[in-house]
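>
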């Protein structure tokens, strides 16, 4: 499936997840999302397995915070001054499921989509001007470059005999020196990249050619109609 | 203004700066998500509201340096897309809606000042104004609406303070510190300073 149809699928799921406030409906939506992830293949299953721990680490405190903060009438458990109510339980479960749905739809989208295809989708299918769509690629390309430079700066500081900081003030000072070095290097790198792009005529024409093209196929169109249609049907009947 | 002229307003260097800030925000957000989890466990929704300002800083900083209409919008949208592609705990929809809310507020305030006034007061106002719109959407998305009026009001006030200090005040301080390094000569922030002096 092309990135645009999948994105529309994600948006439809998001709309549904944001519409309902009952734990049962949210549970069903989450179940459908997990099922989609499992159907997608081994890679997605592996990634889903990997993010589950993170999800629980994030979801469990969120669930309990909602459970304790949300007011309700039907008390199911009382521990001293703390009332746990049925309404709070339902709402906490619903909101936690909603968060899981929002997170997992993004994870599945990312697991099944090449970031370069997202950039191509922006320019070729959504008609975003390529100068800005290219900035997305640029950001993604900057990350490993800066990580590498950060390591170089750290090694350089060690070679110059900078000892590991002790105490809060030394740590702040060390962090300041470190971040200034990263900033200066980033700006220099930024100027070099911009000059190189200008020299190669980046942005000189309103359109450009691509090695790879993303086409909106009949299958994509059918999927888009199916996603939007089923969302409207659910919104109307449930 | 047609689309072409709006795009041509930005130089390649400015687009690269926006890309770098978007990337920096994605890295910061990954780090902040751990802090956020810790704060959620420690003090619930009010504690997490304290760091909200840090999520908005990159767009305001881009605007403070570039000072052209549309800067905040492009930077925030870039940030949302990059954040989504690198993976975040709130999902695609939350990232995009938050970015859109921040962008609308920042662009509106800057337009009121005609992109000409950049005092500490104005940057703090930018940080403050970026808070309410996203708070309304976030309240619906993440279920804050059921907390009760008391908690909701406290959380909103904490977010506003965070926007004022961690976004507005910090943007001005970081921006001015960047100018002092002498590396931002090609940007409006330095050109404006030269004109004033």
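Protein chains in written order, with our numbering: chain A, 2 to 239; chain B, 2 to 198. Glycine included, every Cβ here is placed at the ideal spot set by N, Cα and C.
#1: Could you confirm whether any beta carbon from chain A is found closer than 8 angstroms to the beta carbon of residue 42 of chain B?
#2: Note down, in chain order, all residues in the segment 176 to 199 of chain A with a beta-carbon under 9 angstroms from any beta-carbon belonging to chain B.
#3: Per DSSP, what kind of secondary structure is residue 77 of chain A in: helix, strand or coil?
#4: Can you list, in chain order, the residues of its chain whose CB lies under 6 angstroms from that of residue 15 of chain B, leaving out five sequence neighbours each side?
#5: Starting from residue 86 of chain A, trace the beta strand (DSSP E) in both directions and tell me its first and last residue.
#6: Which residues, in chain order, does the segment 137 to 153 of chain B contribute to contact with chain A at a C-beta distance below 8 angstroms?
#7: Restricting to runs no shorter than 4 residues, where is the alpha helix (DSSP H) found entirely within the segment 76 to 145 of chain A?
#8: By a C-beta neighbour count over all protein chains shown, 10 Å radius and 16 as the cutoff for buried, is residue 3 of chain A buried or exposed?
#9: The alpha helix (DSSP H) that contains residue 192 of chain A, what's its start and end?
#10: Looking at C-alpha atoms only, which residue of A:161, A:103, A:93, A:81 is the closest neighbour of residue 90 of chain B?
#11: With 16 other CB atoms within 10 Å as the buried threshold, where does residue 67 of chain A fall?
#12: Examine chain B for any beta-carbon lying closer than 8 angstroms to the beta-carbon of residue 54 of chain A, and answer yes or no.
#13: Please confirm whether residue 31 of chain B has its beta-carbon closer than 8 angstroms to some beta-carbon of chain A.
#14: Do the segment 23 to 33 of chain A and the segment 45 to 52 of chain A make contact, defined as three or more Cβ pairs closer than 8 angstroms?
#15: Between the segment 129 to 157 of chain A and chain B, which residues of the former have CB atoms less than 7 angstroms from a CB of the latter, in chain order?
#16: In whole angstroms, what separates the C-alpha of residue 183 of chain B from that of residue 150 of chain A?
#17: Would you grab the beta carbon distance between residue 110 of chain B and residue 127 of chain B for me? Rounded to a whole angstrom, and I think it's under 8 angstroms.
#18: Nearer than 7 angstroms: is that true of the beta carbon of residue 50 of chain A relative to any heavy atom of the ligand PLP?
If we stick to the structure as given:
#1: yes
#2: 181, 184, 185, 187, 188, 189, 190, 191, 192, 194, 195, 196, 198, 199
#3: strand
#4: 67
#5: 83 to 86
#6: 141, 142, 143, 144, 147, 148, 149, 152
#7: 87 to 113, 116 to 121
#8: buried
#9: 168 to 200
#10: A:103
#11: buried
#12: no
#13: no
#14: no
#15: 130, 132, 133, 136, 137, 139, 140, 141, 143, 144
#16: 21 angstroms
#17: 5 angstroms
#18: With respect to the ligand PLP, the structure offers nothing, as it holds no ligand at all.
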